[in-house]
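See structure below.
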Amino acid sequence: MAAPTRIDARFAALRKSGRKALVTFVSAGDPDLETSAAIIAGLPKAGADIIEIGMPFSDPMADGPAVQASSLRALKAGQTMIKTLAMVRRFREADADTPIVLMGYYNPIYVYGTARFIADAKAAGVDGLIVVDVPPEADDEVCLPAVEAGLNFIRLATPTTDDVRLPAVLKNTSGFVYYVSITGITGAAAPVVNDVHDQVKRIKRQTDIPVVVGFGVRSGEQARAIAAGADGVVVGSAIIDRIEKSLDSNGKATTSTVANVLDMVHELASAMRA
Amino acid sequence: MATTTQKSAEAKLNSYSTGPDDKGFFGLFGGRFVAETLMPLILELERAYSAAKADPTFQAEIDFLNLHYAGRPSPLYFAERMTNELGGAKIYFKRDELNHTGSHKINNCLGQILLARRMGKTRIIAETGAGQHGVAVATVCAKYGIGCEIYMGATDIERQAPNVARMKLLGAKLNPVTSGAGTLKDAMNEALRDWVTNVRDTYYLIGTAAGPHPYPAMVRDFQSIIGKETREQMLAAEGRLPDTLVACIGGGSNSIGLFHPFLDDKDVAIYGVEAGGHGLDVENGHAASMTGGTPGVLHGNRTYLLQDADGQILEGHSISAGLDYPGVGPEHAWLKDTGRVTYVAITDNEALAALQVCTRLEGIIPALEPSHALAHVIKLAATLPKDNLLVMNLCGRGDKDLFSVAKALGMKI
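The listed protein sequences derive, respectively, from chains W and E.
Take the first sequence: its position 129, counting from 1, is numbered 128 in numbering that gives the first Met the number 0, and each next residue is one higher.
Take the second sequence: its position 233, counting from 1, is numbered 232 in numbering that gives the first Met the number 0, and each next residue is one higher.
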């Protein structure tokens, strides 16, 4: 059994206080490095229990328009993997407890050098990884070396992951299981709450790892309803929409960008804790 | 007996034609790099294709359609005037532009539509660059009465207007893609997003020998009819195998189709021709992923990609919409690294010049894609002896390119 990570500790603490996790997603460097760093720094106080940070990629095949646009904004502003890892290091200097999960696609990791990436991510204070396009059939690529280095490797389970396949998906998963509530891309149609709860139950029959639900969760009310039958929810596209709406006509951050985003996270957190 | 077994085991070990392995890898390249939502479907597809391959009625259906619908076998034509003009190798064209729909793309679409029917899928999606694959998909969907949606980059829609009209006429729903540079890569991203959303009833009919396993192997198998016919036809015409093969490469489906049946014939020299665009030294100005790119992971497979130092994919450029793709099929990536196939690049201007040479000397207007292969033939033929038998795959006809070619040459139509 691997040593507990910040993610494990966070879920243990949440369980003790009877709360569900609010996991927030933003793309690193969206809309620019400084604004993004300020948003991330403010997330724990606003009520995020776990911070998921997207590693921008030019071709985010599993993402909807909101995340695509945020990824491209970040790249246009000059975001790189080195800058993303530096952002995490900076966050970690000020916050020793809030778990950080990096999420993205395999190519930027592969080109950075997988071994080098895992070492640098661990050193920067990253706790878990989600690599969307590396299935369990390719566990030797990133998952096993990441687990070896003491990182959680968080896998997505989806409505098409049937009971026969589920053990393979769960096998090397740690930290939490990310249940994708719909077949589709991020930010698409809202999931049906009762269906999601049934699916979470189905997964929980096969694992004790916390199950967090994401894709299509947009409001505090919805987050609360879905979290009631799970261990937490991920909100991404709705937060990113808030970033986009706060930008000026040239797509640059305004003085209200950081506050707008953090206010929204605060509303989500309050709804979930109500 | 023991020696024979040993010999055949050795032959297999040294073979270039046994890949991929059971996880879909050709050496380092290939694999299945897709989101979990798609993974169960990819595995189902692999099972369905294995079962179909083992079923003689499946091959019989394909053979029937190739003969009566696609118009195969395509001729192996001796290009006499080009041969005389260049003064070297004896040049043959494999005339896959004469197939129904005007390119080699129909070979693959017939195979995959039969498979989709076997799998009970009721909706087809596809990506297209030049529109040749889109037209072939729309064609087989019309023939079998299955609804289809085609993703095509907005830039490509503009430069391939005749194919756009054909697809619409055939009843396909055309979805313009405006993300990125609006070319093939972006169309493939959108098709994947559609597939992940409609995974239960939808079959993704990929047009090139790339993507997650089993697509690269499956598309290659359906396209290998090109090389198999060439082999028989050359034996009939000249009593021996060809010495040299040349084909163009975007994703690499026509070329792998020609090359694959010859990979273990060590004396056959094989050349793959990539799109050199404005030149390999122009940053982001070409689409030559092997001669000007590095290994990475995109669209379900590991292969050579056009990308920057941070792993972000570049758009690339080629005058030919069908070659304008920043990746390449994984089997080609492996054939490059093993040295079995020599990959070269041809610029936009060289391809345009070759198109005119072929048109004037042979009375055949080739598409811009095989014009790249032709340009390399023009360079190569003169360096080869007169008894060198060279086959170039003329994989598509040029009608679709008339507007772009006229524009590039300053002609008014």
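Don't be surprised by glycine CBs; every beta carbon is placed ideally from N, CA and C.
- Any Cβ of chain E closer than 9 Å to the Cβ of Gly235 (chain W) would place that residue at the interface, and such an atom is absent.
- Runs of the beta strand (DSSP E) lying entirely within the stretch 29 to 105 of chain W, each at least 3 residues long, are 49 to 53, 99 to 103 in chain order.
- Distance from the CA atom of Glu43 (chain E) to the CA atom of Asp240 (chain W), rounded to whole angstroms, is 36 Å.
- Put simply, of W:Gly63, W:Val168, W:Thr83 the residue whose alpha carbon is nearest the alpha carbon of Val195 (chain E) is W:Gly63.
- With a 10 Å radius around the Cβ and a threshold of 16 neighbouring Cβ atoms, Glu314 (chain E) comes out buried.
- Sequence-ordered contacts of the stretch 124 to 137 of chain W with chain E read Val131, Asp132, Val133, Pro134, Glu136, Ala137 [C-beta pairs closer than 7 Å].
- Secondary structure at Thr256 (chain W): helix, using DSSP grouped into helix, strand and coil.
- Per DSSP, the continuous alpha helix (DSSP H) segment holding Leu109 (chain E) begins and ends at 104 to 117.
- The three-state reading of DSSP puts Cys147 (chain E) in strand, counting E and B together.
- According to the DSSP secondary-structure assignment, Ala125 (chain E) is paired through a beta bridge with E:Ile149.
- If you draw a straight line from the Cα of Gly23 (chain E) to the Cα of Asp266 (chain E), it comes to about 28 Å.
- At a C-beta separation below 8 Å, Pro39 (chain E) has these neighbours in chain W: Thr159, Thr160, Asp161, Arg164.
- Per DSSP, the beta bridge partners of Gln306 (chain E) are E:Ile312.
- With the criterion set as a beta carbon lying under 9 Å from some beta carbon of chain W, the members of the stretch 32 to 65 of chain E are Phe32, Val33, Ala34, Glu35, Thr36, Leu37, Met38, Pro39, Leu40, Ile41, Leu42, in sequence order.
- Around Ile312 (chain E), the beta-carbon contacts reaching into chain W at under 9 Å are Phe56, Ser57, Asp58, Asn106.
- For Pro144 (chain W) against Thr113 (chain W), the beta-carbon gap comes to about 6 Å, under 8 Å, which counts as contact.
- For a Cβ distance threshold of 7 Å, nothing in chain W lies close to Asp263 (chain E): the least Cβ distance comes to about 29 Å.
- By the C-beta density criterion, His67 (chain E) is exposed, having fewer than 16 other C-beta atoms within 10 angstroms.
- When W:Ala73, W:Pro59, W:Ser16, W:Arg9 are compared, the shortest CA-CA separation from Thr34 (chain W) is found for W:Ala73.
- A Cβ-Cβ distance of about 6 Å is found for the pair Arg339 (chain E) and Leu262 (chain E), placing them in contact under the 8 Å criterion.
- Beta-bridge analysis with DSSP links Arg301 (chain E) to E:Gly29, E:Val296.
- At a Cβ-Cβ threshold of 9 Å, Lys19 (chain W) and Asp230 (chain W) count as neighbours.
- Taking all protein chains shown into account, Asn249 (chain W) has fewer than 16 neighbouring C-beta atoms within 10 Å of its C-beta and is therefore exposed.
- Take the alpha-carbon of Arg117 (chain E) and the one of Gly70 (chain E): they are about 24 Å apart.
- Going by C-alpha positions, Thr154 (chain E) is about 9 Å away from Gly128 (chain E).
- Against chain W, a Cβ distance below 9 Å from Arg116 (chain E) picks out nothing, because the smallest value is about 21 Å.
- Following the DSSP letters along the chain, one finds Gly291 (chain E) inside the alpha helix (DSSP H) bounded by residues 288 to 291.
- Taking each of E:Tyr76, E:Ala246, E:Pro175 in turn and checking the Cα distance to His371 (chain E), the smallest one comes out for E:Ala246.
- With 16 or more other CB atoms across the displayed protein chains lying within 10 angstroms of its CB, Thr36 (chain E) is buried.
- The continuous alpha helix (DSSP H) containing Cys142 (chain W) extends over residues 142 to 147.
- His196 (chain W) and Ile52 (chain W) have their C-alpha atoms roughly 26 Å apart.
- In the displayed model, Ser180 (chain W) falls within coil according to three-state DSSP, outside both helix and strand.
- In this structure, Thr182 (chain E) places its C-beta atom within 9 Å of the C-beta atom of Ala320 (chain E).
- With respect to chain W, the C-beta atom of Asn188 (chain E) has a partner C-beta closer than 9 Å.
- Along the stretch 165 to 180 of chain W, going in chain order, the ones with a CB nearer than 7 Å to a CB of chain E are Val168, Val179.
- Gln232 (chain E) sits close to Pro72 (chain E), with the two beta carbons spaced by under 9 Å.
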